[in-house]
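Trainee: Please read through the structure below; I'll follow up with questions.
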Amino acid sequence: MADYNSSLPVRSQADADERVQVKVVDASTPTQGQSVDSTGHASTKTDGVYNAVSNPDPSSSGLIAHQRQATPDDTHLTQRLTSVTNGNKRLLDVSIHDEDGAAFSDANPLPVYMAQDPGTEVHNYNTEASVAVNATSNHDYPVTTGTFELHQVIATASGKMRVAIQRTIDGITYTTLAVGFNSTANPNIVFTFARPHELPGGSSAAIRVVRLNRDNQAQDVYSTIVGVLK
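The sequence shown runs 232 to 461 under this note's numbering.
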(Lines of atoms letter the chains of each structure in order from A and count residues from 1; the text may use other names and numbers.)
(Lines give C-alpha, C1' and ligand atoms only; values in the text may rest on other atoms or scores of the structure.)
Protein backbone atom coordinates (compact mmCIF):
# COMPACT_ATOMS: atom_id res chain seq x y z
CA MET A 1 0.00 0.00 0.00
CA ALA A 2 1.44 3.38 -0.99
CA ASP A 3 2.03 6.14 1.53
CA TYR A 4 -0.25 9.16 1.36
CA ASN A 5 -0.65 12.51 3.16
CA SER A 6 -3.45 12.04 5.67
CA SER A 7 -3.15 15.66 6.95
CA LEU A 8 -3.14 14.34 10.55
CA PRO A 9 -0.81 16.04 13.06
CA VAL A 10 2.33 14.18 14.01
CA ARG A 11 1.96 12.77 17.54
CA SER A 12 4.78 13.13 20.04
CA GLN A 13 5.32 12.85 23.81
CA ALA A 14 5.52 16.64 24.21
CA ASP A 15 2.66 17.90 26.38
CA ALA A 16 1.70 20.75 24.06
CA ASP A 17 1.39 18.39 21.07
CA GLU A 18 -1.10 16.17 22.89
CA ARG A 19 -3.63 18.97 23.44
CA VAL A 20 -6.35 20.29 21.22
CA GLN A 21 -5.76 23.99 20.79
CA VAL A 22 -8.95 26.03 20.34
CA LYS A 23 -9.40 29.71 19.61
CA VAL A 24 -12.58 31.34 20.93
CA VAL A 25 -13.90 34.02 18.60
CA ASP A 26 -16.94 36.21 18.30
CA ALA A 27 -19.70 34.51 16.25
CA SER A 28 -20.53 37.67 14.32
CA THR A 29 -16.97 38.96 13.95
CA PRO A 30 -14.52 36.02 13.93
CA THR A 31 -11.56 38.38 13.85
CA GLN A 32 -12.40 39.34 17.42
CA GLY A 33 -10.82 36.51 19.37
CA GLN A 34 -10.29 35.91 23.04
CA SER A 35 -6.70 36.12 24.30
CA VAL A 36 -4.79 34.75 27.28
CA ASP A 37 -2.86 37.05 29.60
CA SER A 38 0.64 36.55 30.99
CA THR A 39 -0.69 34.63 34.01
CA GLY A 40 -2.38 32.04 31.80
CA HIS A 41 -5.89 33.35 32.48
CA ALA A 42 -8.38 34.27 29.83
CA SER A 43 -8.44 38.01 29.31
CA THR A 44 -12.00 38.42 30.51
CA LYS A 45 -13.52 40.88 32.97
CA THR A 46 -14.58 38.39 35.64
CA ASP A 47 -11.76 39.23 38.06
CA GLY A 48 -12.86 42.87 38.32
CA VAL A 49 -9.49 44.25 37.21
CA TYR A 50 -10.37 46.93 34.72
CA ASN A 51 -8.16 47.88 31.81
CA ALA A 52 -9.37 50.53 29.38
CA VAL A 53 -7.70 48.76 26.45
CA SER A 54 -8.53 45.08 26.98
CA ASN A 55 -11.78 45.52 28.95
CA PRO A 56 -14.08 48.00 27.22
CA ASP A 57 -16.72 47.34 29.90
CA PRO A 58 -15.98 46.29 33.50
CA SER A 59 -17.04 42.97 34.94
CA SER A 60 -20.50 42.50 36.35
CA SER A 61 -19.04 40.33 39.13
CA GLY A 62 -15.96 42.39 39.98
CA LEU A 63 -17.06 45.80 41.24
CA ILE A 64 -15.37 48.86 39.77
CA ALA A 65 -15.98 52.43 40.94
CA HIS A 66 -16.50 55.49 38.78
CA GLN A 67 -14.29 58.50 39.03
CA ARG A 68 -16.37 61.31 40.48
CA GLN A 69 -18.03 62.97 37.51
CA ALA A 70 -21.24 64.90 36.90
CA THR A 71 -22.16 62.53 34.04
CA PRO A 72 -20.03 59.38 34.45
CA ASP A 73 -19.68 56.89 31.60
CA ASP A 74 -17.60 53.79 30.91
CA THR A 75 -14.40 55.79 30.49
CA HIS A 76 -14.61 56.82 34.14
CA LEU A 77 -14.78 53.24 35.44
CA THR A 78 -11.14 53.05 36.50
CA GLN A 79 -11.08 52.62 40.28
CA ARG A 80 -11.15 49.50 42.41
CA LEU A 81 -13.28 49.98 45.50
CA THR A 82 -10.26 49.26 47.71
CA SER A 83 -7.82 51.52 45.89
CA VAL A 84 -6.03 54.56 47.27
CA THR A 85 -4.83 57.17 44.77
CA ASN A 86 -2.73 60.13 45.93
CA GLY A 87 -3.79 59.42 49.50
CA ASN A 88 -7.51 59.50 48.63
CA LYS A 89 -9.66 56.46 49.33
CA ARG A 90 -12.01 55.47 46.52
CA LEU A 91 -15.49 54.83 47.88
CA LEU A 92 -18.94 54.39 46.44
CA ASP A 93 -21.26 57.37 46.32
CA VAL A 94 -24.19 56.65 48.62
CA SER A 95 -27.67 58.11 48.50
CA ILE A 96 -29.78 57.32 51.57
CA HIS A 97 -33.53 56.94 51.16
CA ASP A 98 -36.40 56.24 53.53
CA GLU A 99 -38.44 53.03 53.48
CA ASP A 100 -40.75 54.49 50.80
CA GLY A 101 -37.81 55.21 48.50
CA ALA A 102 -37.85 58.98 48.99
CA ALA A 103 -34.45 60.65 49.34
CA PHE A 104 -33.70 62.36 52.65
CA SER A 105 -33.65 66.17 52.38
CA ASP A 106 -34.56 69.29 54.34
CA ALA A 107 -38.20 68.49 53.60
CA ASN A 108 -37.72 64.79 54.42
CA PRO A 109 -35.09 64.75 57.19
CA LEU A 110 -33.30 61.67 58.44
CA PRO A 111 -34.26 61.01 62.09
CA VAL A 112 -31.21 60.82 64.37
CA TYR A 113 -31.27 59.89 68.05
CA MET A 114 -28.65 60.54 70.71
CA ALA A 115 -27.36 57.45 72.48
CA GLN A 116 -25.80 57.24 75.92
CA ASP A 117 -22.03 57.22 76.14
CA PRO A 118 -21.03 53.55 76.40
CA GLY A 119 -19.71 52.72 79.83
CA THR A 120 -20.82 53.16 83.44
CA GLU A 121 -21.90 56.61 84.55
CA VAL A 122 -20.06 57.75 87.70
CA HIS A 123 -21.31 60.22 90.34
CA ASN A 124 -18.78 59.82 93.14
CA TYR A 125 -19.83 61.95 96.13
CA ASN A 126 -17.72 62.68 99.21
CA THR A 127 -17.91 64.94 102.25
CA GLU A 128 -15.82 65.62 105.33
CA ALA A 129 -17.02 67.42 108.43
CA SER A 130 -15.22 70.10 110.43
CA VAL A 131 -12.14 70.59 108.30
CA ALA A 132 -9.82 72.88 110.26
CA VAL A 133 -8.79 76.33 109.08
CA ASN A 134 -6.07 76.10 106.37
CA ALA A 135 -6.34 72.30 106.45
CA THR A 136 -7.04 70.15 103.40
CA SER A 137 -9.34 67.22 102.78
CA ASN A 138 -8.76 64.86 99.85
CA HIS A 139 -11.55 63.24 97.86
CA ASP A 140 -10.03 60.36 95.87
CA TYR A 141 -11.72 58.32 93.14
CA PRO A 142 -9.53 55.28 92.30
CA VAL A 143 -9.48 54.02 88.69
CA THR A 144 -8.23 50.44 88.93
CA THR A 145 -9.53 49.12 85.57
CA GLY A 146 -10.72 50.43 82.22
CA THR A 147 -10.47 54.11 81.36
CA PHE A 148 -12.19 56.88 83.29
CA GLU A 149 -13.49 59.93 81.43
CA LEU A 150 -13.64 62.87 83.83
CA HIS A 151 -16.45 65.20 82.73
CA GLN A 152 -17.10 67.42 85.72
CA VAL A 153 -16.27 68.14 89.37
CA ILE A 154 -18.66 69.97 91.69
CA ALA A 155 -17.46 71.29 95.07
CA THR A 156 -18.98 73.48 97.75
CA ALA A 157 -18.74 74.59 101.38
CA SER A 158 -20.58 77.01 103.64
CA GLY A 159 -17.49 79.27 103.80
CA LYS A 160 -14.49 80.07 101.65
CA MET A 161 -12.58 77.19 100.08
CA ARG A 162 -9.99 76.45 97.42
CA VAL A 163 -10.33 73.34 95.23
CA ALA A 164 -7.68 71.68 93.05
CA ILE A 165 -8.38 68.81 90.62
CA GLN A 166 -5.48 66.37 90.27
CA ARG A 167 -4.69 63.06 88.61
CA THR A 168 -2.12 60.37 89.32
CA ILE A 169 -1.00 57.17 87.65
CA ASP A 170 1.37 55.82 90.28
CA GLY A 171 -0.12 57.30 93.48
CA ILE A 172 3.09 59.32 93.99
CA THR A 173 3.19 62.02 91.34
CA TYR A 174 0.07 64.18 91.07
CA THR A 175 -0.67 66.48 88.13
CA THR A 176 -2.99 69.45 88.68
CA LEU A 177 -5.70 69.80 86.04
CA ALA A 178 -7.61 72.81 87.41
CA VAL A 179 -7.90 75.12 90.44
CA GLY A 180 -10.89 77.15 91.60
CA PHE A 181 -12.11 79.34 94.49
CA ASN A 182 -15.58 80.04 95.80
CA SER A 183 -16.95 83.19 97.42
CA THR A 184 -19.89 84.33 99.52
CA ALA A 185 -21.73 85.28 96.34
CA ASN A 186 -20.80 82.03 94.57
CA PRO A 187 -20.37 79.24 97.13
CA ASN A 188 -20.30 76.46 94.51
CA ILE A 189 -17.29 75.59 92.35
CA VAL A 190 -18.07 73.73 89.09
CA PHE A 191 -15.33 72.43 86.81
CA THR A 192 -16.59 71.29 83.37
CA PHE A 193 -14.06 70.01 80.87
CA ALA A 194 -14.54 70.96 77.21
CA ARG A 195 -13.45 67.43 76.38
CA PRO A 196 -13.54 64.61 78.93
CA HIS A 197 -10.17 64.10 80.57
CA GLU A 198 -9.17 60.44 80.18
CA LEU A 199 -7.31 58.52 82.89
CA PRO A 200 -6.25 54.93 82.12
CA GLY A 201 -6.85 52.50 84.92
CA GLY A 202 -4.05 51.09 87.10
CA SER A 203 -3.38 49.80 90.57
CA SER A 204 -2.61 53.33 91.86
CA ALA A 205 -4.41 55.53 89.31
CA ALA A 206 -6.89 58.04 90.75
CA ILE A 207 -8.62 61.37 90.39
CA ARG A 208 -8.14 63.57 93.47
CA VAL A 209 -10.12 66.63 94.60
CA VAL A 210 -8.09 68.63 97.14
CA ARG A 211 -10.40 70.79 99.29
CA LEU A 212 -8.64 73.56 101.28
CA ASN A 213 -10.53 75.43 104.02
CA ARG A 214 -9.77 79.15 103.53
CA ASP A 215 -12.38 80.38 106.01
CA ASN A 216 -11.73 81.64 109.56
CA GLN A 217 -13.29 78.62 111.24
CA ALA A 218 -13.73 74.89 110.73
CA GLN A 219 -16.32 73.89 108.14
CA ASP A 220 -17.78 70.94 106.25
CA VAL A 221 -16.67 70.45 102.63
CA TYR A 222 -18.41 68.57 99.82
CA SER A 223 -17.49 67.41 96.30
CA THR A 224 -18.78 65.16 93.51
CA ILE A 225 -16.72 63.62 90.70
CA VAL A 226 -18.77 63.06 87.53
CA GLY A 227 -17.69 60.95 84.56
CA VAL A 228 -17.92 57.68 82.65
CA LEU A 229 -15.93 54.53 83.36
CA LYS A 230 -15.28 52.48 80.22
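By construction, the Cβ of each residue, glycine as well, lies at the ideal position given by its N, Cα and C atoms.
#1: Along the beta strand (DSSP E) that carries residue 445, what are the first and last residues, could you check?
#2: For residue 445, which of 369, 364 and 383 has the nearest alpha-carbon?
#3: Within 10 angstroms of the Cβ of residue 341, are there 16 or more other Cβ atoms? Answer buried if so, exposed if not.
#4: To the nearest angstrom, report how far apart residue 348 and residue 416 are at their CA atoms.
#5: How would you call residue 345, buried or exposed, if buried means at least 16 neighbouring beta carbons within 10 angstroms?
#6: How would you label residue 291, buried or exposed, when you count the other beta carbons within 10 angstroms and need 16 or more for buried?
#7: In whole angstroms, what separates the C-alpha of residue 441 from that of residue 369?
#8: So, under 8 Å CB-CB, residue 353 and residue 458 are touching, yes? Tell me the CB distance rounded to an integer number of Å.
#9: As a quick exercise: from 391, 436, 257 and 302, pick the residue whose alpha carbon is nearest that of residue 379.
#10: Taking residue 465 as the reference, give the member of 386, 377 and 259 with the closest Cα.
#11: My output table needs one value for residue 397: the three-state DSSP class, helix, strand or coil.
#12: Distance check for residue 295 and residue 431, CA to CA, integer angstroms please.
#13: Identify whether residue 351 lies in helix, strand or coil by the three-state DSSP scheme.
#14: Using only the alpha-carbon positions, how far apart do residue 395 and residue 404 sit?
#15: Could you give the DSSP three-state label for residue 277: helix, strand or coil?
#16: What is the DSSP secondary structure of residue 305, reduced to helix, strand or coil?
#17: Please identify the residue among 429, 407, 420 and 336 whose C-alpha is closest to the C-alpha of residue 389.
#18: Quick check on residue 452: buried or exposed, where buried means 16 or more other Cβ atoms within 10 Å of its Cβ?
#19: With C-beta atoms as the reference, is residue 409 less than 8 Å away from residue 454?
#20: In whole angstroms, what separates the C-alpha of residue 438 from that of residue 382?
#21: Check each candidate in 366, 371, 411 and 456 and name the one with the smallest Cα separation from residue 449.
#22: Where in the stretch 404-431 do unbroken runs of the beta strand (DSSP E), each at least 3 residues long, occur, reported from the N-terminal end onward?
#23: For residue 422, does the count of other Cβ atoms within 10 angstroms reach 16, so buried, or fall short, so exposed?
Mentor: With the structure as the only source:
#1: Per DSSP, residue 445 belongs to no beta strand (DSSP E) and is neither H nor E.
#2: Of 369, 364 and 383, the smallest CA-CA separation from residue 445 is found for 364.
#3: With fewer than 16 other Cβ atoms from the protein chains shown falling within 10 Å of its own Cβ, residue 341 counts as exposed.
#4: Roughly 35 Å between the two C-alpha positions.
#5: Its Cβ having fewer than 16 others within 10 Å, residue 345 is exposed.
#6: Because residue 291 carries a pLDDT of 48, less than 50, the predicted location of this residue cannot be relied on, and the following value inherits that uncertainty. Per the 10 Å Cβ criterion, exposed.
#7: Using only the alpha carbons, I get a separation of about 5 Å.
#8: Separation of the CB atoms of residue 353 and residue 458 is rounded to 5 Å, and the pair is thereby assigned contact status at 8 Å.
#9: For residue 379, the nearest C-alpha among the options comes from 436.
#10: Any question about residue 465 goes unanswered here, given that the chain covers just 232 to 461.
#11: Look at residue 397 here: in three-state DSSP terms it is strand.
#12: Taking the straight line from one Cα to the other gives about 44 Å.
#13: In the structure shown, residue 351 sits in a strand (DSSP, three-state: E or B).
#14: If I take the Cα positions, the gap works out to 15 Å.
#15: Reliability fails at residue 277, whose pLDDT of 46 lies under 50, so the model's placement of it is uncertain and the value that follows must be treated cautiously. Residue 277 falls in the coil class under three-state DSSP.
#16: When DSSP states are grouped into helix, strand and coil, residue 305 belongs to the helix group.
#17: Considering only alpha carbons, the answer is 420.
#18: Buried is the label assigned to residue 452, since at least 16 other Cβ atoms lie within 10 Å of its Cβ.
#19: Going by C-beta atoms, residue 409 is not nearer than 8 Å to residue 454.
#20: Approximately 12 Å between the Cα atoms of the pair.
#21: Ranked by Cα distance from residue 449, the first of 366, 371, 411 and 456 is 366.
#22: For the stretch 404-431, the full-length beta strand (DSSP E) segments reaching 3 residues or more read 405-412 and 419-431 along the chain.
#23: In summary, residue 422 is buried, with 16 or more beta-carbon neighbours lying within 10 Å of its beta-carbon over all protein chains present.
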